[in-house]
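Residue numbers (the numbering used here): 463 to 751. Don't be surprised by glycine CBs; every beta carbon is placed ideally from N, CA and C. On a predicted model such as this, the values are computed, not experimentally measured, just so you know.
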């Protein structure tokens, strides 16, 4: 009987140690990028829960999720979304053309809201040959210009403003927002959301750059496809520029905000129309006490 007790005690001790180690490892993954959601077919899906604000609070888990497009989801993926992460609202930033080409999740109990950030109805939809022609004429700083447009264009502003409306009324469950790759339109959305919640710029930048890790395979696949079509150095160089997350891109968005409104606080107030009460409400909804 004594040896049995010793075995049980050792088992409990080992379990405690292993569990503690797992919790420590999990906590490390939420420092700036949140925690990755391991879908079968969808890259770059992350729960922002665990990200720390300037005053030491953290974003609640299963409340804010950023992602790439939710097409081709398996039954297990759908279970992860609706049951484990409790997603009840999806904001789809893609154009009408992008959605027609790759329809997103339509599931009972989940509200799908089409919120196109770009005005062009077929933005992001093109054949390889057409895309190559577009890339051949791009200037080296075209991505910086695109990020500035996301910040300054009236249609883009209206889209992100509407996003905050849904964030303010989301009392429970998770709200998931996405574009095609979860990098550019979603990256700027995340910058604005995290800024409103009081997350430092350095953390926001780290969160943004993590897309490079999770989109690595997707980017390599698209590069190989384009290289089979053309060996133009300009086209391939600009393709790489368009598919990566770069500090210069997000900094271009910050610079546009500084030039147009002076500070992020003023931009959120004047362009996103968030009052001090709205900011307090957002922080109450999405941050730990």
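Annotation: the region 652-708 contains the following complete segments of the alpha helix (DSSP H) (minimum length 4 residues), in chain order: 663-671, 673-676, 678-691 and 695-705. Shortest Cα-Cα distance from residue 509 to any of 521, 515 and 502 involves 521. Collapsing the DSSP output to three states places residue 576 in a strand.
When the beta-carbon positions are compared, residue 713 and residue 597 stay at least 7 Å from each other.
In the three-state DSSP reduction, residue 567 falls in the coil class, being neither helix nor strand. If you ignore the 5 residues before and after residue 590, its C-beta comes within less than 6 Å of the C-beta of 691, all in its own chain and listed in chain order. The straight-line gap separating the alpha-carbon atoms of residue 663 and residue 559 is approximately 33 Å. Minimum Cα-Cα distance from residue 580 among the listed residues 588, 620, 536 and 570 corresponds to 620.
Take residue 534, set aside five residues on each side of it, and the residues of its chain with a beta-carbon closer than 7 Å to its own are 503, in chain order.
The three-state secondary structure of residue 650, taken from DSSP, is helix. Boundaries of the alpha helix (DSSP H) around residue 624: 616-631. With three or more CB-CB distances shorter than 8 Å, the region 526-544 counts as touching the region 623-641.
A contact between stretches requires three or more CB pairs, one per stretch, nearer than 8 Å, and the region 645-655 meets this requirement with the region 666-677.
In this structure, the straight-line span from the alpha carbon of residue 549 to that of residue 523 is close to 11 Å. In the three-state DSSP reduction, residue 584 falls in the coil class, being neither helix nor strand.
Collapsing the DSSP output to three states places residue 715 in a helix.
Looking at the backbone, the Cα of residue 602 and that of residue 740 are separated by about 39 Å. When secondary structure is reduced to three states using DSSP, residue 532 falls in the coil class, being assigned neither helix nor strand.
When beta bridges are read from the DSSP output, residue 497 appears opposite 509. The three-state reading of DSSP puts residue 597 in helix, counting H, G and I together.
DSSP places residue 739 inside the alpha helix (DSSP H), whose first and last residues are 738-748. Residue pairing from DSSP places residue 636 in a beta bridge opposite 549.
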